[in-house]
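Beneath this line is the structure, given in structure tokens, with notes to follow.
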Amino acid sequence: LFTGQRVNIQKSSAFFSKNTSLTAQNQVCAIMAGIQLHSSTRYLGLPLGIGRSKSEVFSYVLDSVKAKLWSWTNKMISVAGKE
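In terms of the numbering used here, the sequence shown is numbered consecutively and its last residue is 92.
Structure (structure tokens):
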């Protein structure tokens with residue numbers, strides 16, 4: 010690269026459309042020298058590949074939000090109790 014920066018292969022992965030042939034996928038990965046194919050890759054905390062069951066894919070997001078709301082509720086109750 011022109012800036013002197015390099016791609017971190019360990020943190021890189023390839024994501025292809027379901028219409029992309031396996032041969033084409035393998036060729037791209039061979040050219041990119043070591044990049045792996047991952048179906049469970051996430052970007053900004055959300056999965057890139059969503060299968061048939063959206064509820065399974067996003068259940069961890071719902072669990073995370075519930076946990077955060079529960080902790081905020083407990084903090085607010087505890088502050089109100091101290092007054």
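Note that the Cβ used here is the ideal one computed from N, Cα and C, for glycine as well.
Is the beta carbon of residue 24 closer than 7 Å to that of residue 34? Against a cut-off of 7 Å, the Cβ pair of residue 24 and residue 34 comes out as no contact.
What did DSSP end up calling residue 53 once you bin it into helix, strand or coil? Of the three classes helix, strand and coil, the one that applies to residue 53 here is coil, per DSSP.
In the DSSP assignment, find the alpha helix (DSSP H) that holds residue 44 and state where it starts and stops. First-last for residue 44: undefined, no H or E at that position.
Which one of 53, 84, 41 and 31 has the shortest CA to CA distance from residue 16? When the alpha-carbon of residue 16 is set against those of 53, 84, 41 and 31, the nearest one is in 41.
Taking Cβ to Cβ, would you say residue 56 is nearer than 7 Å to residue 66? In contact: residue 56 and residue 66 (Cβ atoms closer than 7 Å).
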